[in-house]
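Here's the structure we're looking at; comments come further down.
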Amino acid sequence: MIDSRVGIVALVALPALVVAVSYIRLDVERLRQYAVSSAIVMLLTALALAITSNARAVLVSGVVRDGAPQGEALLRIDALSSALLPFAAGLWLLTVAVTPRGALDRGGLRRTALATLVTVASFLTESALLLLLLWILSIWTFIAALSDARHRHQRRVVSVYLGLSAVLLAIGVALLIMPMTMGTRLEVVGVWLVALAAVIRAGIIPFHAWVPEVFDHGRLGPAILFSAPQLGAYVTVVLVVPRAAPDLLRVLAVLALATAVYGAGLALVQTSARRALGYLFVSQSSLVMAGLDCTSVSALAGGLLLWLSAGIAFAGLARCVLVLEARRGRLDLSTHHGGYERMPVLATSFLAMGLACTGFPGTLGFAGQELLVDGAVEMFPVMGFAVVVASALTGLAVLRMYFALFCGRRETALDATIHLGLTRREAWTFASLVIALVGMGVMPRPIADSRFAASEEILRTRQGLIASSAVTQQDAGP
Amino acid sequence: MLVGIGSPALLLAVLGVFSMINRPLREQWTGRLAAGSMTMASLAFVAALVLYLTSSTDMFVLSYGSWLTSHEGGIAVEFLVDSLSLAFAALSAAIAGVVAAFSNRYLHREPGYNRYFVLFAMFVTGMILVSLAGTVGVLFTGWEMVGLSSALLVAFFHERSAPVTNAIRVFSIYRISDAAMLAAAVHLHHVAGSGSLALLFGSADPHVGTVLTGTDATLIATLLVVAVAGKSALLPFSGWLPRAMEGPTPSSAVYYGSLSIHAGCFLLLRAAPLLEQSMVARLLAGMIGLATALFSTVVTRVQSDVKSSLAYASLTQVGIIVVEIALGLHTLAFVHLTGHACFRLLQFLSAPNVLHDLHGLEAAVGERLASSSGYFESLIPDAARRRVYLFALERGFLDAILDRLAVEPFHRVARWCTRLDHFLCDFVVRAAPSILVDAGESGDD
Numbered sequence: 001m002i003d004s005r006v007g008i009v010a011l012v013a014l015p016a017l018v019v020a021v022s023y024i025r026l027d028v029e030r031l032r033q034y035a036v037s038s039a040i041v042m043l044l045t046a047l048a049l050a051i052t053s054n055a056r057a058v059l060v061s062g063v064v065r066d067g068a069p070q071g072e073a074l075l076r077i078d079a080l081s082s083a084l085l086p087f088a089a090g091l092w093l094l095t096v097a098v099t100p101r102g103a104l105d106r107g108g109l110r111r112t113a114l115a116t117l118v119t120v121a122s123f124l125t126e127s128a129l130l131l132l133l134l135w136i137l138s139i140w141t142f143i144a145a146l147s148d149a150r151h152r153h154q155r156r157v158v159s160v161y162l163g164l165s166a167v168l169l170a171i172g173v174a175l176l177i178m179p180m181t182m183g184t185r186l187e188v189v190g191v192w193l194v195a196l197a198a199v200i201r202a203g204i205i206p207f208h209a210w211v212p213e214v215f216d217h218g219r220l221g222p223a224i225l226f227s228a229p230q231l232g233a234y235v236t237v238v239l240v241v242p243r244a245a246p247d248l249l250r251v252l253a254v255l256a257l258a259t260a261v262y263g264a265g266l267a268l269v270q271t272s273a274r275r276a277l278g279y280l281f282v283s284q285s286s287l288v289m290a291g292l293d294c295t296s297v298s299a300l301a302g303g304l305l306l307w308l309s310a311g312i313a314f315a316g317l318a319r320c321v322l323v324l325e326a327r328r329g330r331l332d333l334s335t336h337h338g339g340y341e342r343m344p345v346l347a348t349s350f351l352a353m354g355l356a357c358t359g360f361p362g363t364l365g366f367a368g369q370e371l372l373v374d375g376a377v378e379m380f381p382v383m384g385f386a387v388v389v390a391s392a393l394t395g396l397a398v399l400r401m402y403f404a405l406f407c408g409r410r411e412t413a414l415d416a417t418i419h420l421g422l423t424r425r426e427a428w429t430f431a432s433l434v435i436a437l438v439g440m441g442v443m444p445r446p447i448a449d450s451r452f453a454a455s456e457e458i459l460r461t462r463q464g465l466i467a468s469s470a471v472t473q474q475d476a477g478p
Numbered sequence: 001m002l003v004g005i006g007s008p009a010l011l012l013a014v015l016g017v018f019s020m021i022n023r024p025l026r027e028q029w030t031g032r033l034a035a036g037s038m039t040m041a042s043l044a045f046v047a048a049l050v051l052y053l054t055s056s057t058d059m060f061v062l063s064y065g066s067w068l069t070s071h072e073g074g075i076a077v078e079f080l081v082d083s084l085s086l087a088f089a090a091l092s093a094a095i096a097g098v099v100a101a102f103s104n105r106y107l108h109r110e111p112g113y114n115r116y117f118v119l120f121a122m123f124v125t126g127m128i129l130v131s132l133a134g135t136v137g138v139l140f141t142g143w144e145m146v147g148l149s150s151a152l153l154v155a156f157f158h159e160r161s162a163p164v165t166n167a168i169r170v171f172s173i174y175r176i177s178d179a180a181m182l183a184a185a186v187h188l189h190h191v192a193g194s195g196s197l198a199l200l201f202g203s204a205d206p207h208v209g210t211v212l213t214g215t216d217a218t219l220i221a222t223l224l225v226v227a228v229a230g231k232s233a234l235l236p237f238s239g240w241l242p243r244a245m246e247g248p249t250p251s252s253a254v255y256y257g258s259l260s261i262h263a264g265c266f267l268l269l270r271a272a273p274l275l276e277q278s279m280v281a282r283l284l285a286g287m288i289g290l291a292t293a294l295f296s297t298v299v300t301r302v303q304s305d306v307k308s309s310l311a312y313a314s315l316t317q318v319g320i321i322v323v324e325i326a327l328g329l330h331t332l333a334f335v336h337l338t339g340h341a342c343f344r345l346l347q348f349l350s351a352p353n354v355l356h357d358l359h360g361l362e363a364a365v366g367e368r369l370a371s372s373s374g375y376f377e378s379l380i381p382d383a384a385r386r387r388v389y390l391f392a393l394e395r396g397f398l399d400a401i402l403d404r405l406a407v408e409p410f411h412r413v414a415r416w417c418t419r420l421d422h423f424l425c426d427f428v429v430r431a432a433p434s435i436l437v438d439a440g441e442s443g444d445d
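Protein chains in written order, with the working numbering: chain A, 1 to 478; chain B, 1 to 445.
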């Protein structure tokens with residue numbers, strides 16, 4: 001058993017300590033070891049919290065608006081966040097464990113710890129105002145990673161798109177939290193604006209173009225850490241789904257499904273491995289958003305499960321590309337690179353994580369897709385067919401990337417003199433990740449049940465808010 | 001039953017984990033485990049089949065509860081048990097055992113030995129799941145495992161570019177097949193509210209629910225026919241079959257000679273009650289089968305390598321089997337399927353020796369053997385013979401047609417969309433207020 005307060009303090013303190021220690025003149029490799037140790041402790045703590053925290057526990061309450069059934073807790077653990085915390089910790093561990101030495105510096109380690117702190121803090125709160133502040137902080141951290149002259153254009157692109165999302169979120173949050181807007185059209189406008197901000201961040205059509213651009217020409221490591229937690233999805237679940245009218249949810253779902261197919265199709269034809277990754281992320285995040293916009297328990301649970309599986313699998317897949325780039329430079333998918341025999345663990349990990357993204361049976365992604373399609377097909381039949389097409393195209397894109405990056409060429413004797421194999425740390429990290437993805441895919445019940453619990457909680461909150469909004473409108477009179 | 005299903009799955013798990021941690025088992029252990037696993041599976045299914053036939057029971061469903069979640073929904077783990085499923089499972093396990101033993105020697109000291117057996121175990125597990133599937137979830141799981149292992153084995157000699165390129169073409173057709181299968185599953189669930197194959201394929205149990213009829217039956221049956229066409233290389237998807245011959249001979253034998261190529265026929269046999277509800281789907285299946293048989297018998301006669309020739313010869317028989325199923329001759333179709341699978345397996349496994357055997361025969365006879373072909377060719381008018389020959393040599397121009405109608409337009413549209421996305425990024429940076437653009441300029445490290 002672990003006390004929730006102790007656990008939360010640990011989850012917040014560990015990355016904060018790494019940020020603090022990064023200012024000390026430590027050797028970078030020593031700092032990385034410290035970060036890895038902290039990430040492991042953080043992951044274990046988060047897992048312990050996830051297993052022991054079955055019910056909602058509010059640690060710091062927020063302000064209750066008149067007439068609202070409950071306040072937005074500033075700090076809480078519930079069924080939704082209990083699985084997201086180990087997810088955030090796992091992403092941090094993956095980042096610090098496998099970042100190539102050439103890409104490792106003190107500033108980078110500091111930024112990854114700060115980004116993780118922001119993500120964890122976001123997952124611990126349901127306060128709209130606090131989420132807005134953390135949203136802006138996460139964007140600032142990401143832009144800071146693109147501060148060099150080489151990434152000027154990408155920095156501008158990110159500033160425009162994500163700056164716009166921050167502005168929209170700020171206005172939307174303001175409309176949501178002001179007491180006089182409750183139950184009025186302004187609150188509805190606020191929900192639409194928050195949804196729009198989330199759509200931009202998730203890279204949904206027509207606001208998707210920044211994602212492949214940043215992945216292709218920006219810094220891949222920060223892009224992965226910024227995108228994989230999918231804070232857009234979190235804001236959607238916490239602020240939009242409980243309040244949104246069915247029409248808004250349907251519009252979001254249709255856009256998300258179209259984006260899922262679009263992203264998967266474009267990933268298939270890219271010649272740049274990084275750009276293909278960007279489109280794959282667009283497709284995956286869109287599927288998650290599509291699931292979150294359904295109001296059936298199964299579909300919402302499927303979306304929540306896909307969020308975790310796609311997040312872990314995609315982050316792992318992208319890290320594989322980063323590790324490979326450190327050894328070979330920019331990766332062109334129009335040619336074959338070979339090298340399977342020298343890095344079989346990396347190749348197999350890449351394939352396994354790519355297949356998890358595509359929902360291959362035996363991986364956690366399959367469980368999420370099944371729930372999503374089963375739950376949504378009743379009210380939204382076209383969703384099933386869109387998921388089918390997106391899954392087919394994603395699978396093809398992943399296998400094409402695998403064959404291009406690891407097969408099709410015999411390595412020459414000259415290449416054999418250069419050591420390209422994985423380090424022990426990298427090999428164990430990737431192998432553990434794959435075994436975890438497949439293990440959870442073969443035995444998904446515990447995590448699927450937890451997503452069901454989260455889904456039921458979200459829909460209960462939605463029913464409560466809709467009911468109280470109706471009462472408020474009634475009291476206000478015609 | 002559990003022994004039969006679990007043996008290849010356990011083999012996959014063991015070999016997979018050791019491969020994942022880069023500690024593959026030694027050859028003799030892998031060979032022994034594979035042989036032992038396939039032997040156990042074969043014996044288990046043969047015993048189950050004998051028990052089933054001697055006990056004279058009807059089809060029943062073995063249920064192992066819900067796999068995915070304890071809440072409503074998700075995937076139920078169910079297996080349909082009848083003479084058809086047990087017979088096909090026993091056949092699959094027996095053939096897999098023979099091929100495993102052959103592969104153990106054929107691939108001795110081959111660098112990809114361990115990788116081969118991991119994929120082989122995946123394939124056998126998938127085939128057995130397809131044979132016994134009681135829900136669409138289980139069927140789809142097996143179907144995907146068969147497809148992925150097939151593509152990866154086509155690319156077995158992955159240090160060359162041709163096998164890898166061909167593997168992608170094969171997998172792209174498989175994805176169409178998988179998509180059709182999944183679409184059928186989605187529609188079944190939408191209509192019937194269940195993924196039970198007893199519901200889809202008909203059951204005597206009145207509690208299971210209504211049997212599909214009308215438009216729903218036609219749509220699902222048609223999607224299944226498309227799925228079968230892709231997996232079994234029926235027209236218009238036959239172009240991938242010769243490409244798949246890049247893989248090692250044992251995998252060609254087990255996939256395209258005996259089991260994988262007949263998986264589609266098995267699925268049609270299993271879905272026979274559903275096909276009977278839809279004349280459209282039956283007609284479609286019959287026409288595709290007939291066209292495939294005619295096409296393949298022409299193409300096989302001009303192939304210059306033995307494996308491609310055998311592959312198209314297999315396809316001819318598969319086409320005929322599909323016609324038999326469409327005509328309602330189910331018992332004949334299954335007997336044909338079983339006999340053909342075994343015979344073609346033998347031919348494929350003997351393929352590396354075909355020239356050696358021919359030379360031995362000629363040495364024994366003392367002269368070169370006369371060509372036995374010519375009768376059917378003489379039936380073709382002289383004016384058309386050259387055209388038919390070109391058609392057969394180009395394998396029906398199927399790849400070119402597919403490229404022209406599907407691949408090239410898709411690439412054009414996708415490249416246009418990529419350019420549009422580049423343009424959007426440039427446009428918004430130029431058009432955005434300077435305050436947003438400049439906000440990024442002041443970021444620090």
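All C-beta atoms, glycine included, are put in the ideal place defined by N, C-alpha and C. Please read all numbers here as calculations on a predicted model, not as lab measurements.
Using a beta-carbon distance below 9 angstroms, is Gly291/A in contact with chain B? In the first sequence, the residue the question calls residue 291/A occupies position 291. Not an interface residue.
Proximal residues, the stretch 242 to 262 of chain A versus chain B, C-beta separation under 9 angstroms: Tyr262
What does DSSP give as the partner residue(s) for Thr259/A in the beta ladder? Indexing the first sequence from 1 puts residue 259/A at position 259. None; Thr259/A has no bridge partner.
Tell me whether Trp29/B is buried or exposed, calling it buried when 16 or more other Cβ atoms sit within 10 Å of its Cβ. Counted from its first residue, the second sequence places residue 29/B at position 29. Exposed, by the Cβ-count rule.
Taking C-alpha atoms, which residue in Glu341/A, Ala267/A, Gly362/A, Thr348/A lies nearest to His411/B? For the purposes of this step, residue 411/B is taken as residue 411 along the second sequence, with counting starting at 1. When only C-alpha atoms are compared, the closest one is Ala267/A.
Sort Leu124/A, Val118/A, Glu341/A by Cα distance to Pro111/B and report the nearest one. Along the second sequence, read from residue 1 onward, the residue named residue 111/B stands at position 111. Answer by Cα proximity: Glu341/A.
Nearest-angstrom Cα distance between Phe117/B and Val170/B? The sequence position of residue 117/B within the second sequence is 117, counting from 1. The sequence position of residue 170/B within the second sequence is 170, counting from 1. Distance between the alpha carbons of Phe117/B and Val170/B: 20 angstroms.
For Pro352/B, count the other beta carbons within 10 Å of its own beta carbon; 16 or more makes it buried, fewer makes it exposed. Which is it? Residue mapping note: residue 352/B aligns to position 352 of the second sequence, counting from 1. With fewer than 16 Cβ atoms within 10 Å of its Cβ, Pro352/B is classed as exposed.
For Leu11/A and Leu85/A, which I take to be in contact (beta-carbon distance under 8 angstroms), what is that distance rounded to the nearest angstrom? Locating residue 11/A in the first sequence gives position 11, counting from the first residue. Locating residue 85/A in the first sequence gives position 85, counting from the first residue. Between Leu85/A and Leu11/A the Cβ distance is about 6 angstroms, and since that is below 8 angstroms, they are a contact.
Below 8 angstroms CB to CB, which residues in the same chain sit around Leu275/B once its five sequence neighbours on both sides are set aside? For the purposes of this step, residue 275/B is taken as the residue at position 275 of the second sequence. Taking Leu275/B as the centre and dropping the five residues before and after it, the same chain places the C-beta of Ala221, Leu268, Ala281, Arg282, Ala285, Ile325, Ala326 closer than 8 angstroms to its C-beta, in chain order.
What residue does the alpha helix (DSSP H) around Tyr161/A start on, and which one ends it? Taking the first sequence and counting its residues from 1, the one referred to as residue 161/A is at position 161. Note, Tyr161/A: alpha helix (DSSP H), 152 to 177.
The stretch 206 to 217 of chain A: positions lying closer than 7 angstroms to chain B by Cβ: Ala209, Trp210, Pro212, Glu213
Minimum length 3: unbroken beta strand (DSSP E) runs contained in the stretch 97 to 146 of chain B: none
Anyone know if the C-beta pair for Ala103/A and Leu322/A falls short of 9 angstroms? Translated into the one-based positions of the first sequence, residue 103/A becomes position 103. Translated into the one-based positions of the first sequence, residue 322/A becomes position 322. The answer is yes: Cβ separation under 9 angstroms.
Looking at the C-beta of Ile458/A, does it have a partner C-beta in chain B at a distance below 9 angstroms? Within the first sequence, the letter at position 458 stands for residue 458/A. At a cut-off of 9 angstroms between beta carbons, Ile458/A makes no contact with chain B.
CB Leu109/A to CB Ser22/A, shorter than 9 angstroms? As a first step, residue 109/A must be located in the first sequence, where it is residue number 109. As a first step, residue 22/A must be located in the first sequence, where it is residue number 22. Yes, these two residues count as a Cβ contact at 9 angstroms.
For Ile466/A, collect the residues of the same chain with a Cβ closer than 7 angstroms to its Cβ; drop the 5 residues on either side in sequence, then sort them by chain order. Your numbering for residue 466/A matches position 466 in the first sequence. Nothing listed; no residue qualifies.
Looking at the secondary structure, which residues open and close the alpha helix (DSSP H) in which Ile220/B lies? For the purposes of this step, residue 220/B is taken as the residue at position 220 of the second sequence. First-last of the alpha helix (DSSP H) with Ile220/B: 214 to 231.
Beta-ladder partner(s) of Arg76/A, from DSSP: Taking the first residue of the first sequence as 1, we reach residue 76/A at position 76. Answer is Val58/A.
Under the three-state DSSP convention, the category Tyr23/A falls into: Taking the first sequence and counting its residues from 1, the one referred to as residue 23/A is at position 23. Coil.
Who are the Cβ neighbours of Gln317/B in its own chain at under 6 angstroms, not counting the five residues just before and after it? Position 317 of the second sequence holds residue 317/B. So the list reads His340, once near-sequence residues are dropped.
Out of Met401/A, Leu287/A, Gly354/A, state which residue places its alpha-carbon closest to the alpha-carbon of Leu371/A. Stepping through the first sequence from its first residue, residue 371/A is reached at position 371. The shortest C-alpha separation from Leu371/A is found at Leu287/A.
In chain A, what lies closer than 7 angstroms to Gly137/B by C-beta? Start at 1 with the first residue of the second sequence, and residue 137/B comes out as number 137. The contacting residues are Glu370.
Starting from the C-beta of Thr210/B, find all residues in its chain whose C-beta is less than 6 angstroms away, skip the five residues before and the five after it, and write them out in chain order. In the second sequence, counting from the first residue as 1, residue 210/B sits at position 210. Low local confidence applies: a pLDDT of 42 at Thr210/B is under 50, so the model's placement there is unreliable, with the coordinate-based value given in what follows. Excluding sequence neighbours, Thr210/B sits near nothing in its chain.
Taking the beta carbon of Pro206/A as the centre, do at least 16 other beta carbons fall within 10 Å, making it buried, or is it exposed? Against the first sequence, residue 206/A aligns to sequence position 206. It counts as exposed.
The beta strand (DSSP E) that contains Tyr64/B, what's its start and end? The residue labelled residue 64/B in the question sits at position 64 within the second sequence. Looking at the DSSP string, the run of the beta strand (DSSP E) that includes Tyr64/B is 60 to 66.
Return the CA-CA distance between Gly319/B and His217/A, expressed in angstroms with no decimal places. Here residue 319/B is taken as the residue at index 319 of the second sequence, counted from 1. Here residue 217/A is taken as the residue at index 217 of the first sequence, counted from 1. Answer to the nearest angstrom: the Cα atoms are 51 angstroms apart.
Could you check whether Val335/B and Gly289/B sit closer than 9 angstroms to each other, using their CB atoms as the reference points? Here residue 289/B refers to the residue found at position 289 when the second sequence is read from its first residue. Here residue 335/B refers to the residue found at position 335 when the second sequence is read from its first residue. No.
Find the nearest neighbour of Ala73/A within the set Thr52/A, Ser37/A, Gly107/A, Leu129/A, judged by alpha-carbon distance. Looking up residue 73/A in the first sequence gives position 73. For Ala73/A, the nearest C-alpha among the options comes from Leu129/A.
Please determine, among Phe88/B, Ala244/B, Val146/B, the residue with the shortest C-alpha to C-alpha distance to Ala449/B. No information on residue 449/B is available, as it lies outside the stretch 1 to 445 that chain B covers here.
Only counting runs of 4 or more residues, tell me where the alpha helix (DSSP H) segments fall wholly within the stretch 224 to 282 of chain B, in order along the chain. Taken in chain order, the unbroken stretches of alpha helix (DSSP H) that lie wholly in the stretch 224 to 282 of chain B and span 4 residues or more are 240 to 243, 249 to 252, 260 to 270, 272 to 276.
Report the rounded CA-to-CA distance for Phe281/A versus Ile136/A, giving the unit in angstroms. Stepping through the first sequence from its first residue, residue 281/A is reached at position 281. Stepping through the first sequence from its first residue, residue 136/A is reached at position 136. Distance between the alpha carbons of Phe281/A and Ile136/A: 21 angstroms.
Proximity test, Cβ basis, 9 angstroms: Val157/A and chain B: As a position in the first sequence, residue 157/A is number 157, starting the count at 1. Using beta-carbon distances, Val157/A counts as an interface residue toward chain B, with a partner under 9 angstroms.
Using a Cβ-Cβ distance under 9 angstroms, would Val429/B count as near chain A? To locate residue 429/B, count along the second sequence from 1; it is residue 429. Judged by the 9 angstroms Cβ criterion, Val429/B is in contact with chain A.
Does any C-beta atom of chain A lie closer than 9 angstroms to the C-beta of Pro242/B? Residue mapping note: residue 242/B aligns to position 242 of the second sequence, counting from 1. Not closer than 9 angstroms to any Cβ of chain A, the Cβ of Pro242/B fails to qualify, so no.
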